[in-house]
Amino acid sequence: MNAKTSLRPKAIPVPTPITQPFWDGTRAGELRLQRCSACGAHHLYPRFRCPACGADALTWVRASGRARLHSYVISHIAAPGWENEAPYVIAVVKLHEGPTMLSNLVGIAASPDALTLDMPLEVVFETRGDAVLPLFRAINASGVPS
């Protein structure tokens with residue numbers, strides 16, 4: 054076995070009752086967030102009460118899929134299942150609707166020269182086993198993948 058061979062596949066998220074609508078959305082090609090009907094705040098990760106006002110009047114809505122790069126790290130030491138991907142970008146993205154989200158950037162070099170904070174991004178989806186994961190790619194100011 055060489056250094057690029059993994060004994061384990063990439064991890065796959067296991068939905069829970071509260072996260073199931075999020076994962077149903079990814080399977081439908083949608084990024085979904087919770088929105089509070091009382092105060093209008095969007096949030097992610099899923100929860101039972103609005104973190105802004107405490108109301109339990111939460112609904113699931115389709116997000117725009119647009120985001121900005123908030124922060125990132127370039128991983129050179131791969132987690133199990135990621136050996137053939139290193140280096141890769143782990144990013145915190147700020148969604149157009151307000152919440153931040155941890156994800157990966159794809160289709161861009163894992164180099165500080167290619168990554169600019171606040172660069173525009175859009176969601177793309179990757180099927181992994183039974184799950185469909187939301188990832189992000191860079192777009193230009195016109196919304197075209199760059």
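Okay, so the sequence shown: first residue is 54 according to my numbering, each after it adds one. Idealized CB from N, CA, C, for every residue including glycine.
One question on the structure: do residue i and residue j come within less than 9 Å of each other, judged by their Cβ atoms?
{"i": "S156", "j": "I127", "result": "no"}
{"i": "G93", "j": "R85", "result": "no"}
{"i": "G122", "j": "L174", "result": "As written in the sequence, residue 122 is Leu, which differs from the Gly given in the question. Against a cut-off of 9 Å, the Cβ pair of L174 and L122 comes out as a contact."}
{"i": "G118", "j": "V197", "result": "no"}
Report the partner residues of residue i according to the DSSP bridge assignment.
{"i": "V177", "result": "L188"}
{"i": "A144", "result": "Y125 and S156"}
Can you give me the start and stop residues for the alpha helix (DSSP H) that residue i sits inside?
{"i": "I72", "result": "Note that residue 72 is Thr in the sequence shown, not Ile. Segment: none, T72 is in no alpha helix (DSSP H) and carries neither H nor E."}
Pull up the CB-CB distance for residue i and residue j, whole angstroms please, since I reckon it's below 8 Å.
{"i": "V146", "j": "M154", "result": "5 Å"}
{"i": "R102", "j": "A108", "result": "7 Å"}
{"i": "A191", "j": "G160", "result": "7 Å"}
If you count every other CB in all the chains shown that lies within 10 Å of the CB of residue i, and 16 or more means buried, which is it?
{"i": "N55", "result": "The pLDDT assigned to N55 is 48, lower than 50, so where the model puts this residue is not dependable; a value taken from the coordinates is nonetheless given after this. The residue is exposed, with fewer than 16 neighbouring Cβ atoms inside 10 Å."}
{"i": "H129", "result": "exposed"}
{"i": "R61", "result": "exposed"}
Residue range of the beta strand (DSSP E) that residue i falls in?
{"i": "I65", "result": "Note, I65: premise wrong, no beta strand (DSSP E); not H, not E."}
{"i": "L122", "result": "R119 to S128"}
{"i": "W113", "result": "L111 to R115"}
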